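Peer 1: Protein chains in written order, with my numbering: chain A, 56 to 233; chain B, 10 to 260; chain C, -13 to 345. Idealized CB from N, CA, C, for every residue including glycine. Computed from a predicted structure; not experimentally measured.
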Amino acid sequence: MTVEILMAGFGGQGILFATKQIAKSAMVAGRQVTWIPSYGPEARGGTSNCSVIVSDEPIGSPIVTKPDILLALNLQSFDKFVPRIKPGGMLIYDSSLVRKPVGRDDIEAHAIPATQLASDHGIAGAANVIMLGRLIAITGLFDPEEFKSHLVEGIPDSRAQMRENNIKAFEIGYGYKE
Amino acid sequence: MAELVFGRPKSLSDVTLSYCPGCTHGIVHRLVAEAIDELGIEGKTIGIAPVGCSVFAYNFFECDMIQAPHGRAPAVATGVKRALPDRVVFTYQGDGDLAAIGTAETVHAAARGENITIIFINNAIYGMTGGQMAPTSLPGQVTTTSPYGRNPKIQGNPIRVCEMLATLDGVAYAERVAVDCPKNVLRAKKAILKAFKTQIEGKGLAIVEVLSSCPTQWGKSPAEALEWIRTAMMPYYPLGVYVDRTGGDAE
Amino acid sequence: MAKVLMKGNEAIAEAAIACGCRLYFGYPITPQTEVAEYMAKRMPKVGGLCLQAESEIAAINMVLGAAAAGARVMTSSSSPGIALKSEGISYIAGSDLPCLILNVQRGGPGLGGIQPAQSDYNLAVKSAGHGDAHMVVYAPSSIQEIVDLTAVAFDVGDKYRVPVMMLADGALGQMMEPVDLESLGERKPPEKPWATTGHGGLRKKNIINSLYIEPEELEEKVRARFERYAQIAEHEARWEEYKLGDAEICLVAYGITARICKTAVEMARRRGIKAGLFRPITLWPYPSRQLDEACRRAGVKRVLVAELNMGQMVDDVRLAINCRLPVAFHGRTGGVLPSPEELLGEIARLDAEIKEEKD
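1. Who are the near neighbours of LYS135 of chain A in its chain, counting only those whose CB is closer than 8 Å to its CB and skipping five residues on each side?
2. If contact means a Cβ-Cβ distance below 8 Å, which residues of the segment 138 to 162 of chain C contact chain A?
3. Of all the residues that make up the segment 171 to 185 of chain C, which are near chain B by a beta-carbon distance shorter than 9 Å?
4. So with Cβ pairs under 7 Å, would you call ASP189 of chain B a contact of chain C?
5. Rounded to a whole number of angstroms, what is the C-alpha to C-alpha distance between ILE193 of chain C and GLU222 of chain C?
6. Once you ignore the five residues that flank HIS205 of chain A on each side, which residues in its own chain have a CB closer than 8 Å to its CB?
7. CB ILE91 of chain A to CB PRO117 of chain A, shorter than 7 Å?
8. Report yes or no: do three or more beta-carbon pairs, one from the segment 242 to 249 of chain B and one from the segment 15 to 24 of chain C, lie closer than 8 Å?
9. For HIS120 of chain C, name the three-state secondary structure that DSSP assigns.
10. Rounding to the nearest angstrom, what Cα-Cα distance links PRO273 of chain C and ARG224 of chain C in this structure?
11. Can you give the beta carbon distance from GLU234 of chain C to ARG310 of chain C, rounded, assuming they're within the 8 Å contact cut?
12. Can you tell me the Cα-Cα spacing of CYS32 of chain B and GLY241 of chain C, whole angstroms?
13. Got a sec? Which residues, its chain only, sit under 8 Å from GLY33 of chain C by beta carbon, not counting five neighbours each side?
14. Could you tell me which chain B residues have their CB closer than 7 Å to the CB of LYS191 of chain C, listed as they occur along the chain?
15. For ASN104 of chain A, which of helix, strand or coil comes out of DSSP?
16. Going along the segment 27 to 56 of chain B in order, which residues come within less than 8 Å of chain C, judged by CB to CB distance?
17. Please confirm whether THR57 of chain A has its beta-carbon closer than 7 Å to some beta-carbon of chain C.
18. Does GLY99 of chain C come out as helix, strand or coil in the three-state DSSP assignment?
19. Name the chain C residues that come within less than 8 Å of LYS141 of chain A, Cβ to Cβ?
20. Compute the Euclidean distance between the alpha carbons of LEU48 of chain B and THR25 of chain B, then round it to the nearest angstrom.
21. Quick check for students: name the residue ranges of the alpha helix (DSSP H) that lie wholly in the segment 59 to 104 of chain C, counting only runs of 4 or more.
22. Buried or exposed, going by whether 16 or more other CB atoms sit within 10 Å of the CB of LEU109 of chain C?
23. How would you call TYR13 of chain C, buried or exposed, if buried means at least 16 neighbouring beta carbons within 10 angstroms?
24. In chain B, which residues lie with their C-beta within 7 Å of the C-beta of ILE77 of chain C?
25. Measuring only the C-alpha atoms, how far is LEU153 of chain C from SER62 of chain C?
26. Note down the Cα distance separating LYS71 of chain C from GLU42 of chain C, rounded to an integer number of angstroms.
27. Can you look up ALA73 of chain A in the DSSP assignment and give me helix, strand or coil?
28. Looking at chain B, which residues of the segment 46 to 63 of chain C have a Cβ within less than 9 Å of any of its Cβ atoms?
29. Cα separation between ARG275 of chain C and THR268 of chain C?
30. What does the alpha-carbon distance come out to for the pair PRO83 of chain B and THR176 of chain B?
31. Report the three-state DSSP secondary structure of VAL322 of chain C (helix, strand or coil).
32. I believe GLU163 of chain C touches ILE129 of chain C by the beta-carbon criterion, under 8 Å. Please report the beta-carbon distance rounded to the nearest angstrom.
33. Taking the alpha carbon of TYR198 of chain C as the reference point, which residue from B:TYR67, B:ALA44, B:SER22, B:VAL41 has its own alpha carbon closest?
34. Does the beta-carbon of MET354 of chain C have 16 or more other beta-carbons within 10 angstroms, so that it is buried, or is it exposed?
35. For chain A, is any of its Cβ atoms less than 7 Å away from the one on ARG245 of chain C?
36. Identify each residue in the segment 263 to 284 of chain C for which the Cβ-Cβ distance to at least one residue of chain A is less than 9 Å, and report them in chain order.
See below:
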């Protein structure tokens, strides 16, 4: 099985961090995985997107042009990438930043007000991890407990608060009821 | 009892130099070899030859030698020195090599304060290719590519290398000398010796610019050529120390 | 065997350090700047040096100097920067010096773009600067292979005293995959008695030089170097064959494109089309004989070359099989990667041609 994931949003929303967590979990689970960000002036211009492919077979191109799953964290990436989702694919988007109809009935769409939830819980900036929690809850792509352990891995003691915030954010997303 | 009072420096190879009659490259080669001998550093010295008349310098010094691409000697020297910081590394470059095609390499090696020694031969002309205009050719100077005389409005102005490099903090020592007469040759020897000592003491980049003659391409006799150094070059390129950040210890 | 996630640009830097490389000279250019950034962080911790040069030209000449001094040394750049380095590469080849040069290719010509391309094939393989000379050119197609080939590249460079190029592209430079670096172990460069390290009064002076003013002497030098090249061609060619056993259609691709071709081969096989892939791992020496033999062995009827350019390696493929078979070409350029589907379309078209012949 191959899952092609695209995550897109503003620079600073933690797109790279979040997608690396998916890649790390896939690696630890012994699956094939590639991760590649958009780079260059595009990345400097304030938007950021990143491709992750998880598979049981050797992966060809690492660049996701037609995602199975799109995680959209702002309106620009919603507008740009929703039309590219494969028929039968999935969209998870931040409904606190994207307030418009999905406009496709051949995909499975999930809305979560991630940015709003993050700020409500005093963990502004953790919308990316809330989205991850939602992704894992919906897809069952990885074991949630293992995923959480990767989320705090490598965060130094000097930023212990970030570990707690990540776990909290993941659980908010994981337990969210639409 | 016979006493040897004058001989070939040990660091100068026992071969016939490839320079024209009356050319002062030979004098400067000798001064460099004498300095290496006096400091006893032949075994730990690596020299970098340029492209130009002194392209064969790798055949003329007895230390290990590298022949560099045109203008890139300071970058090559950087690579050697960074790989082998306890060795002594010098470049020997002409004006086209150092101040035209290799300006960037020269300026940035100087800015970095690379701990190397640069021997810079300024004879205001491209010798090897047959007398073309150099970055240091004087206003009005006739060359094969400035046949009506160098016109600063068309061909631009000459570069005063020592003055320019002296503005850079990485340059520990910059002096312009000449080899037109015995007195100046002795002064040049002292400067070259100091430029090597500056490196050995780890003080930064040292450059000695030597005003040299090119009788062949200037179309002058050797004696006239030496006179031209004094009358035409020195007024534009005054001799002297342009910067000395060695603290005097290296003297 | 612990795997870590690493970008290609970082993996080659770490692999080079494991191979005993302690000097890196470079200049920033997208999409390979992470190499310099990684080196700047790591080199001081292992007693090495990362120096940002004033230009690509200076960087390659610093490499020349360090290589002449006997050091394991590398530089990296992307297409426009590699063009600037080509002068130095020619001198390095002409001076018989080993070094590693990484090209993380981007689209061209001119400033071109910054997305993945393979349009420097000819630059790498045919014309490493002026004059009669070659680099050994490796074309990895995964991050693990970048790591493994880095070790091979340094060893081959030192053994034959030749510059070696790692020919990657923006995708390989920027992407992360799990890699095992521990398998490299600690490696040491060999002794280099020819290096200009200062003779210490213990030997005759060494000269590193590419100038031979007597034509006969230069010819002799070049011929001797080409004898070494023949040895390299004999012993160092690398390639991978994938599902070629019974293939009627042989795809030929390297680097990132070969990965996409593998996916296309899989798709074709599921449709009952007998397709396979020949992947050159060394682009110079080109595994010509091996490609020809693989095609003969399998009874291949059509060859399909895929590249991220307008057709560069395709000439070497035609030469390898002596134009014995029809060779089709599918190229994308400007930074665009082909999709497996479009390659499958090409494969299906060739399959239809073969079937028509059979009827």
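Peer 2: So, from the data block:
1. Within its own chain, the residues whose Cβ lies closer than 8 Å to the Cβ of LYS135 of chain A, once the five positions on either side in sequence are excluded, are ALA63, listed in chain order.
2. Answer set for the segment 138 to 162 of chain C: GLY156, ALA157, GLN160, MET161, MET162.
3. Cβ proximity to chain B below 9 Å picks out ALA181, THR182, THR183, GLY184, HIS185 from the segment 171 to 185 of chain C.
4. Chain C contact via Cβ: absent.
5. When rounded, the separation of the alpha-carbon atoms in ILE193 of chain C and GLU222 of chain C is 28 Å.
6. Once the five neighbours on either side are set aside, the close Cβ partners of HIS205 of chain A are GLN76, LYS79, SER80, VAL83.
7. Against a cut-off of 7 Å, the Cβ pair of PRO117 of chain A and ILE91 of chain A comes out as a contact.
8. With a cut-off of 8 Å, the segment 15 to 24 of chain C and the segment 242 to 249 of chain B do not count as touching, because too few Cβ pairs lie within range.
9. In the three-state reduction of the DSSP assignment, HIS120 of chain C falls in the coil class, being assigned neither a helical nor a strand state.
10. The alpha-carbon atoms of PRO273 of chain C and ARG224 of chain C are separated by roughly 7 Å.
11. Not a contact, Cβ separation roughly 14 Å.
12. It is roughly 56 Å from the alpha-carbon of CYS32 of chain B to the alpha-carbon of GLY241 of chain C.
13. When the five nearest sequence neighbours on each side are left out, the beta carbons in the same chain lying within less than 8 Å of the beta carbon of GLY33 of chain C are those of ARG8, in order along the chain.
14. In chain order, GLU71, CYS72, ASP73, MET74 make up the part of chain B whose C-beta sits under 7 Å from the C-beta of LYS191 of chain C.
15. Three-state result, ASN104 of chain A: strand.
16. If the cut-off is 8 Å between Cβ atoms, the segment 27 to 56 of chain B has GLU51, GLY52, LYS53, THR54, ILE55 near chain C.
17. Chain C contact via Cβ: absent.
18. Residue state for GLY99 of chain C is assigned as coil, using DSSP reduced to three classes.
19. LYS141 of chain A does not reach chain C, its nearest Cβ partner there being about 12 Å away, counting only Cβ pairs nearer than 8 Å.
20. Going from the Cα of LEU48 of chain B to the Cα of THR25 of chain B covers about 25 Å.
21. The segment 59 to 104 of chain C contains these whole alpha helix (DSSP H) runs: 65 to 80.
22. Buried.
23. Classification of TYR13 of chain C: buried, given that the 10 Å Cβ count is 16 or more.
24. Ile is not the amino acid found at residue 77 of chain C; the sequence shown has Tyr there. Ordered by position in chain B, the residues that pass the 7 Å Cβ test against TYR77 of chain C are PRO78.
25. In a straight line, the C-alpha of LEU153 of chain C is about 10 Å away from that of SER62 of chain C.
26. Roughly 6 Å separates the two Cα atoms.
27. Looking at ALA73 of chain A - three-state DSSP - the assignment turns out to be helix.
28. From the segment 46 to 63 of chain C, only ILE46, ASN47, MET48, VAL49, LEU50, GLY51, ALA52, ALA53, ALA54, ALA55, GLY56, ALA57, VAL59 have a Cβ closer than 9 Å to chain B.
29. For ARG275 of chain C and THR268 of chain C, the distance between alpha carbons rounds to 13 Å.
30. In this model, PRO83 of chain B and THR176 of chain B are separated by some 18 Å (Cα to Cα).
31. Three-state result, VAL322 of chain C: coil.
32. Sure, about 4 Å apart at Cβ, within 8 Å.
33. When each option's Cα is compared against that of TYR198 of chain C, the closest is B:TYR67.
34. In this structure chain C extends from -13 to 345, so residue 354 of chain C is not present and cannot be described.
35. So, interface residue.
36. Near chain A, meaning a CB-to-CB distance below 9 Å, no residue of the segment 263 to 284 of chain C qualifies.
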